[in-house]
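Every position in the sequence shown, counted from 1, becomes a number in our numbering once 52 is added. Here's the structure we're looking at; comments come further down.
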Amino acid sequence: MSSSPPKAPQVLDPEQVVRGLHPLMVKGSFLLSGAITLQYLGQWRLMAWSFALNTSRILANILLSKLFHRWLSAHVVEWSRMAINLSGLVGLGLIAGWSLLLWTYVPFAMLWLYGLDGRGRLRAFVFLAIMDGAALLSGVDPFQPLSFSLIGVLTFLLTEKRADLLQQSLDHIIQQREQLTKTRGRLRVLHERAFEQEKLSSLGMMAAGVAHEINNPMAFVTSNVHSLFKDLQRQPISPELLKEYVEEVLPATLDGIKRVNAIVSDLRYFARGDPEVHAEYDLNAEAKSALRIAQGQLNHCRVEVELGEVGVVVGRPRQIVQVLVNLLVNAGQATKIGGVVQLSTRREDNGVRVEVRDTGTGMTPETLHHLFQPFFTTKQPGMGTGLGLAVAHGIVTGQGGRIEVESEPGKGSCFTLHLPRVAHHAPANPGRFNEMTSAAA
Ligand code: ADP
């Protein structure tokens with residue numbers, strides 16, 4: 053089921069609003085002008101003046117909003133409209149007298165004056181000042197302009213406030229919509245990543261299950277081949293064919309079996325979900341174990357191993373294997389056929405130093421900047437989760453160590469772990485199994 057996002061509300065455009073109101077204004081204008089003109093029924097000269105002034109006023113208004121607004125700025129259109137209406141009304145008042153119907157035009161005109169261009173108040177003030185001034189100068193009872201001006205001012209303020217409130221709620225809706233769009237985007241990304249992680253987690257569990265299943269038959273295969281080898285070795289005179297088996301085939305088979313057993317045991321050890329306690333461990337042995345696990349991703353390159361005398365280290369060995377597997381897999385994936393991946397360990401002042409160096413693609417400053425951020429990956433969808441280095445960083449710093457990275461695009465990268473001889477005794481991480489699967493990504 054696909055759902056399209058709701059249509060974005062637009063920011064209030066004053067011109068659009070004025071043009072939207074225009075048909076109603078024109079109708080109102082015709083209605084009021086008709087009433088004003090009709091009141092002079094029988095006084096043909098006044099009626100003609102009223103008709104002429106009102107019609108030209110309305111036509112000028114229509115021309116301004118329909119045609120000239122394309123070439124003139126909003127301010128010019130609004131001020132011109134005010135000037136046209138004002139001169140029509142004042143002219144009619146001076147020629148035909150200040151009738152009540154003429155004054156009803158004042159609150160109506162105040163609606164036009166608003167105009168949403170931010171200068172409405174000034175225009176309304178100028179309009180009322182000139183209209184009332186002209187009426188008072190012609191000797192009109194002051195209560196007449198006062199009453200209609202008051203209604204006009206209130207009409208104006210109410211319209212202004214209403215538009216203001218509408219604009220505020222529109223802004224609010226726009227803001228909420230933007231937040232919603234961002235949250236939807238984030239949710240989609242998180243969903244995709246959770247899906248990837250779930251897939252990897254299942255793969256990890258499957259690998260652990262397969263390792264477990266292989267382990268039992270491998271036990272008796274190992275034992276039987278070993279017995280066969282020993283028995284054949286004990287035979288005093290072996291025929292030529294058996295001699296070849298005893299000297300070449302069986303030792304090679306036993307060597308192969310040893311490797312399979314080592315991988316199976318590494319996988320089972322690596323995939324164990326129980327929280328790991330601090331223990332003394334042989335860092336070089338764990339490094340070799342990590343190499344065996346990551347071997348599948350390193351077959352295309354030359355692997356150079358230089359394990360120095362580092363002595364016993366205290367910490368969480370399975371977590372360190374997890375970090376090394378991740379670094380080795382990344383190095384293998386970044387390196388082309390024939391490239392070199394180096395793994396080395398050595399003692400340093402306060403602890404030990406492990407280096408994973410490759411002659412692969414290297415990283416841009418941008419990638420380096422985001423390297424340890426969870427979910428940052430440059431790999432194809434399904435190839436990487438972007439969790440490996442974030443988890444590795446957490447593990448290493450959690451044990452009181454640090455990771456350093458050097459990289460040059462096109463030349464390669466070097467990840468250096470500085471581990472203390474005795475790691476901090478932070479609580480074991482129960483979510484290790486998931487981390488393992490992400491590291492293996
Ligand atoms: P993932 O491997 O799932 O992408 P990581 O956190 O392990 O997640 O790595 C994040 C990113 O760092 C990778 O996508 C890659 O761009 C970059 N990276 C890590 N190691 C190397 C390396 N040895 N060479 C080049 N790029 C690397």
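Note that beta-carbon positions come from the ideal geometry of N, C-alpha and C, so glycine has one too.
Open item on the list: With the cut-off set at 8 Å, would you say Leu427 and Gly438 are in Cβ contact?
Closed with: Reading off the sequence, residue 427 comes out as Phe, not Leu. Against a cut-off of 8 Å, the Cβ pair of Gly438 and Phe427 comes out as a contact.
- [ ] Could you tell me whether the Cβ atoms of Arg109 and Ile136 are closer together than 8 Å?
- [x] In this structure, Ile136 lies closer than 8 Å to Arg109 by Cβ.
- [ ] Confirm, please, whether the CB-CB distance from Cys353 to Gly384 is below 8 Å.
- [x] yes
Task: For Leu469: DSSP bridge partner residues - done: Val406, Ile455
Open item on the list: For Arg399, report the span of its beta strand (DSSP E) as first-last.
Closed with: Element bounds for Arg399: 392-400.
Task: Neighbourhood of Val362 by C-beta, 7 Å cutoff - its chain only, sequence neighbours within 5 removed - done: Leu335, Asn336, Thr397, Arg398, Arg399, Val404
- [ ] Just confirm the distance between the C-beta atoms of Asn378 and Leu441, as a whole number of angstroms; I'd bet it's less than 8 Å.
- [x] 7 Å
Open item on the list: Following a CB-centred definition, is Met257 positioned closer than 7 Å to any heavy atom of the ligand ADP?
Closed with: no
Open item on the list: Our contact map puts Val316 next to Asn267 with C-beta atoms below 8 Å; I'd like the distance itself, whole angstroms only.
Closed with: 5 Å
Task: Own chain partners of Phe82 with C-beta closer than 7 Å, once the 5 adjacent residues on each side are dropped - done: Ile110
Task: Cα-Cα separation between Ile389 and Gly436, rounded to whole angstroms - done: 20 Å
Task: Beta-carbon gap between Val312 and Ala346 smaller than 8 Å - done: no
Task: Distance cut-off 7 Å: Ser3 Cβ against heavy atoms of the ligand ADP - done: What the structure shows of the chain is the stretch from 53 to 493, and residue 3 is not part of that stretch, so it cannot be assessed.
- [ ] For Glu356, name the three-state secondary structure that DSSP assigns.
- [x] strand
TODO: Quick one: give me the first and last residue of the alpha helix (DSSP H) that Val377 is part of.
DONE: 369-386
- [ ] Could you tell me which of Arg236, Leu471, Met183 sits nearest to Val373, measuring between CA atoms?
- [x] Leu471
Open item on the list: Using only CA atoms, which one of Glu332, Val392, Leu165 lies nearest to Arg368?
Closed with: Glu332
Task: Whole-Å CB distance - Leu153 paired with Gln91, under 8 Å assumed - done: 6 Å
Open item on the list: I believe His74 touches Ser117 by the beta-carbon criterion, under 8 Å. Please report the beta-carbon distance rounded to the nearest angstrom.
Closed with: 5 Å
TODO: Using alpha carbons as the reference points, say which of Glu130, His127, Gly145 lies closest to Thr89.
DONE: If we check each option's Cα against that of Thr89, Gly145 comes out closest.
Task: C-beta atoms of Leu302 and Leu280 nearer than 8 Å - done: The Cβ-Cβ distance between Leu302 and Leu280 falls below 8 Å.
Task: Distance, Thr156 Cα to Phe200 Cα - done: 7 Å
Open item on the list: As a quick exercise: from Ala263, Val457, Leu395, pick the residue whose alpha carbon is nearest that of Thr419.
Closed with: Val457
TODO: Confirm, please, whether the CB-CB distance from Gly143 to Leu105 is below 8 Å.
DONE: yes
TODO: Can you tell me which of the three DSSP states Val474 falls into?
DONE: strand
Task: Asp184: first and last residue of the uninterrupted alpha helix (DSSP H) it sits in - done: 172-189
Task: Environment of Gly453 [buried if 16+ CB atoms lie within 10 Å] - done: buried
Open item on the list: In whole angstroms, give me the CA-to-CA distance for Val262 and Pro269.
Closed with: 12 Å
- [ ] Apply the 10 Å Cβ neighbour rule to Ala187 and answer buried if 16 or more other Cβ atoms are within range, or exposed otherwise.
- [x] Buried is the label assigned to Ala187, since at least 16 other Cβ atoms lie within 10 Å of its Cβ.
- [ ] Rounded to whole angstroms, what's the CA-CA distance from Leu505 to His127? Just pull it up for me.
- [x] Nothing can be reported for residue 505: it is not among the residues displayed for the chain, which extend from 53 to 493.
Task: Alpha carbon of Gly140 to alpha carbon of Gln228, nearest angstrom - done: 46 Å
- [ ] Out of Val364, Ile114, Leu206, Leu84, point me to the one whose CA is closest to Ser102's CA.
- [x] Leu84
TODO: Give the DSSP-derived three-state secondary structure of Asp283 in the structure shown.
DONE: helix
Open item on the list: Distance check for Ala246 and Val365, CA to CA, integer angstroms please.
Closed with: 35 Å
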